[in-house]
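Asks: Sharing a structure, written as structure tokens. Questions coming.
Residue numbers (the working numbering): 0 to 250.
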């Protein structure tokens with residue numbers, strides 16, 4: 000019986016991959032993942048058996064990975080960013096627990112990675128220094144009504160909001176609907192950061208406002224961060240105060 004692990008490879012650049020993630024991948028005999036993400040780590044999977052498939056084939060991909068492990072291979076399932084944030088960690092575990100323990104391959108663990116949100120926030124300055132929420136606007140797996148309700152509660156609670164999957168070729172209106180929700184609770188001048196392809200060759204970073212950010216080039220590889228009522232834009236930075244001013248007024 001082999002072993003299966005789930006690894007977050009970070010946002011894109013090998014420089015942003017953790018040492019542990021790289022080591023686990025290098026020790027593997029089989030690497031399984033979405034083709035676009037496998038391509039990001041091509042230089043460290045050379046010579047290994049690679050099973051790469053397209054989007055929406057996640058279940059088949061994980062089942063194939065488990066079967067490889069049951070056949071005696073040391074398998075790594077990769078996710079971009081952190082495997083436990085909209086990644087493959089949950090699905091791999093859901094499938095593993097359906098297998099009798101006596102027939103189940105060894106589980107090598109989940110290796111965390113730098114999330115797209117963390118990478119985007121670093122490029123924008125310090126926008127998530129206070130309480131925040133993370134919401135995916137993809138309604139492929141979650142009903143749109145629930146996504147709207149979560150956005151409404153986040154806006155009402157004055158949370159900084161990080162939005163994954165904000166827009167795609169087929170989903171063009173969701174981001175505008177979320178913009179309207181937040182405009183009911185925040186000023187149109189609230190800073191909003193848009194980072195596309197963080198840590199990748201096509202990286203693009205801009206700071207806009209709540210009233211106008213939807214006019215920007217936003218796609219499924221973008222990460223949108225909406226500031227709270229205290230967030231301010233200073234030059235190329237978004238800054239959300241943590242509250243240290245209470246200790247030193249005038250800071």
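Ideal Cβ placement from N, Cα and C applies to all residues, glycine included.
Would you give the residue range spanned by the alpha helix (DSSP H) that residue 212 belongs to?
Replies: First-last for residue 212: undefined, no H or E at that position.
Asks: Are there 16 or more other CB atoms within 10 angstroms of the CB of residue 110, so buried, or fewer, so exposed?
Replies: That one is buried.
Asks: Spatial neighbours of residue 251 within its chain, please: CB distance less than 6 angstroms, with the 5 preceding and 5 following residues excluded, ordered by chain position.
Replies: One cannot answer for residue 251 here, as it falls past the ends of the chain, which runs 0 to 250.
Asks: Apart from the five residues just before and just after residue 52, which ones in its own chain have a Cβ nearer than 6 angstroms to its Cβ?
Replies: If we look at residue 52 and ignore the five residues flanking it on each side, its Cβ neighbours are 60.
Asks: To the nearest angstrom, how far is it from the Cα of residue 156 to the Cα of residue 108?
Replies: Near 35 angstroms, if we compare the C-alpha coordinates of residue 108 and residue 156.
Asks: If you measure from the CB of residue 51, is any heavy atom of the ligand GDP nearer than 6 angstroms?
Replies: Ligands in the displayed structure: none, and consequently the ligand GDP is not present.
Asks: Which first and last residues belong to the alpha helix (DSSP H) in which residue 18 is found?
Replies: Segment 18 to 26, the alpha helix (DSSP H) holding residue 18.
Asks: Roughly how many angstroms lie between the CA atoms of residue 27 and residue 37, to the nearest whole one?
Replies: One C-alpha to the other measures close to 14 angstroms.
Asks: Out of curiosity, what's the CA-to-CA distance linking residue 204 and residue 5?
Replies: One C-alpha to the other measures close to 29 angstroms.
Asks: Given a threshold of 16 other Cβ atoms within 10 Å of its Cβ, counted over all protein chains shown, does residue 0 qualify as buried or as exposed?
Replies: By the neighbour-count rule (16 or more Cβ atoms within 10 Å), residue 0 is not buried but exposed.
Asks: Between residue 31 and residue 63, which are expected to be in contact by the criterion C-beta below 8 angstroms, what is the C-beta distance as a whole number of angstroms?
Replies: About 6 angstroms separates the two Cβ atoms, so the contact holds.
Asks: Helix, strand or coil for residue 78 per DSSP?
Replies: DSSP places residue 78 in strand when its eight states are reduced to three.
Asks: Report back the beta-carbon spacing between residue 180 and residue 144 to the nearest angstrom; my notes put them in contact at under 8 angstroms.
Replies: Residue 180 to residue 144, Cβ: 13 angstroms. No contact.
Asks: Exposed or buried, what is residue 186 when buried is set at 16 or more other beta-carbons lying within 10 Å of its beta-carbon?
Replies: Counting Cβ neighbours within 10 Å, residue 186 comes out exposed, since fewer than 16 surround it.
Asks: Below 8 angstroms, can you find three or more Cβ-Cβ pairs linking the region 86 to 98 to the region 153 to 172?
Replies: Verdict: no, contact absent.
Asks: Between which residues of its own chain and residue 215 is the CB-CB distance below 7 angstroms, once the five residues before and five after are set aside?
Replies: The answer, listed in chain order, is 193, 205, 207.
Asks: Name the DSSP beta bridge partners of residue 193, please?
Replies: DSSP lists 205, 223 as partners of residue 193.
Asks: With DSSP run on the structure shown, which of helix, strand or coil describes residue 51?
Replies: Of the three classes helix, strand and coil, the one that applies to residue 51 here is strand, per DSSP.
Asks: Please determine, among 218, 97, 233, 234, the residue with the shortest C-alpha to C-alpha distance to residue 167.
Replies: Checked all of 218, 97, 233, 234; the closest Cα to residue 167 is 218.
Asks: Counting pairs of beta carbons, one from the region 35 to 49 and one from the region 8 to 19, are three or more of them closer than 8 angstroms?
Replies: Enough Cβ pairs lie closer than 8 angstroms, so yes.
Asks: I need the DSSP call for residue 8, collapsed to helix, strand or coil.
Replies: DSSP places residue 8 in coil when its eight states are reduced to three.
Asks: For residue 62, does the three-state DSSP call read helix, strand or coil?
Replies: In the structure shown, residue 62 sits in a helix (DSSP, three-state: H, G or I).
Asks: Could you give the uninterrupted runs of the alpha helix (DSSP H) lying entirely in the region 154 to 190, keeping only those of 4 residues or more?
Replies: Whole alpha helix (DSSP H) segments, 4+ residues: 173 to 182.
Asks: Thinking C-alpha only, which one of 75, 223, 43 is nearest residue 50?
Replies: Answer by Cα proximity: 75.
Asks: Buried or exposed, going by whether 16 or more other CB atoms sit within 10 Å of the CB of residue 139?
Replies: Its Cβ having fewer than 16 others within 10 Å, residue 139 is exposed.
Asks: Return the chain-ordered list of same chain residues with a C-beta closer than 7 angstroms to the C-beta of residue 146, the five sequence neighbours on each side being excluded.
Replies: Result list for residue 146: 134, 136, 138, in chain order.
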